[in-house]
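Positions in the sequence shown are counted from 1; adding 58 to them yields my numbering.
Shown next, in structure tokens, is the structure this report addresses.
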Amino acid sequence: PEPSMFVRIVVDEKDEVTGYLIVICWTDDVRFFGTDPEVKRYLGQVKSRLKIEVEKPPVTEFVGIETHQDMELKVCELKMPKYWEKALTTFTEHFPSGCRERKIPLTVDDEKVLLTPASEKEIVEAKHLPYLEVLGVISYSAASCKPEMRFFVSVAGSRRVGWSKKHFDVLKKGFEYGYTTREMGLMFSKGL
């Protein structure tokens, strides 16, 4: 389903599943889970070929995404609060008074601003602003844990080739929404 995700399914002679392994890779970071025999087999194969460090479970973070599981309630939550906090420290000079609390990712008025192209003069005046970098931070979170921000990313992305100070100010509002709602993510549940 995804080029960095590998799945092994083990079946018996009746074609019934007896084991599985799911491995997700990201640069030099790998997370995996499965049935005990498949995990043991996988670790044996990897250790015979590579020098690795194995963290003891539970591993609660993977590429900025925190995983919180409650096996009794049968829920799993994915969220990125530390990711947003680190992102704010990266762009702190653009938020001298800190982040304002935002309850929605994009207003109708802000959408209109983003949909209005910048003039050549405005683009030159704003080219020093880290528009693409801030958009990238928002995009990763929207793709991973905050699907309510995907429309914002789509509209803000229309200014990738040239933005104005007004566009950057709207982008900052989207960032502030992500930061404000950093404790909210995706919730998966069983049986609800």
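All C-beta atoms in this analysis are idealised placements derived from N, C-alpha and C, irrespective of residue type, glycine included.
Exercise. Under 7 Å Cβ to Cβ from Ala145, same chain only, skipping five residues before and after it: list those, please.
Key: Val195
Quiz item: In whole angstroms, what separates the C-alpha of Glu124 from that of Tyr237?
Solution: Their backbone Cα atoms lie some 15 Å apart in a straight line.
Quiz item: Around the Cβ of Lys98, are there at least 16 other Cβ atoms within 10 angstroms (buried) or fewer (exposed)?
Solution: exposed
Quiz item: Can you name the residues that DSSP bridges to Lys137?
Solution: Glu124
Quiz item: For the beta strand (DSSP E) that contains Arg66, what are its first and last residues?
Solution: Residues Met63 to Val69.
Quiz item: Using the C-alpha atoms, what's the distance from Ile80 back to Pro61?
Solution: 13 Å
Quiz item: Is Lys137 near the ligand NAD, with its Cβ less than 7 Å from a heavy atom?
Solution: Here there are no bound small molecules, and the ligand NAD is not part of this structure.
Quiz prompt | Host alpha helix (DSSP H) of Ile181 (start-end) | solution = Glu178 to Ala184
Exercise. Check the DSSP bridge columns for Phe153 and list the partner residues they point to.
Key: Paired residues: none, contrary to the question.
Quiz prompt | Whole-angstrom C-beta distance between Met245 and Glu135, which should lie under 8 Å | solution = 5 Å
Quiz item: Touch check for the region 219 to 232 and the region 179 to 190: three-plus C-beta pairs under 8 Å?
Solution: Cβ pair count under 8 Å is three or more, so yes.
Exercise. From the DSSP output, in three-state form, read off Thr76 for me.
Key: strand
Practice problem: Would you check if the distance between the CB atom of Lys230 and the CB atom of His152 is smaller than 8 Å? | Solution: yes
Quiz item: Between the C-alpha atoms of Arg158 and Phe233, what's the straight-line distance to the nearest angstrom?
Solution: 10 Å
Quiz item: So, using beta-carbon positions, are Tyr189 and Phe226 closer together than 8 Å?
Solution: Yes, the pair counts as a contact, with Cβ atoms nearer than the cut-off.
Self-check item: Classification of Val166 by the beta-carbon crowding that lies within 10 angstroms, buried from 16 upward
Solution: exposed
Quiz prompt | Three-way DSSP call (helix, strand, coil) for Asp167 in this model | solution = Here Asp167 sits in helix by DSSP.
Quiz prompt | Contact set for Lys248: own chain, Cβ-Cβ below 7 Å, skip 5 residues either direction | solution = Lys132
Quiz item: Looking only at its own chain, which residues have a Cβ that is under 6 Å from the Cβ of Pro95, when we skip the five neighbours before and after it?
Solution: Only Gly77 meet the Cβ criterion.
Quiz item: Between Cys203 and the rest of its own chain, which residues show a CB-CB distance below 8 Å, the 5 nearest in sequence each way excluded?
Solution: Apart from the 5 residues on each side of it in sequence, Cys203 sits with its Cβ closer than 8 Å to the Cβ of Ile123, Leu136, Lys137, Met138, Gly243 and Leu244 in its chain, given in chain order.
Quiz item: Going by DSSP, which residues form a beta bridge with Val104?
Solution: Answer is none; Val104 lacks a bridge partner.
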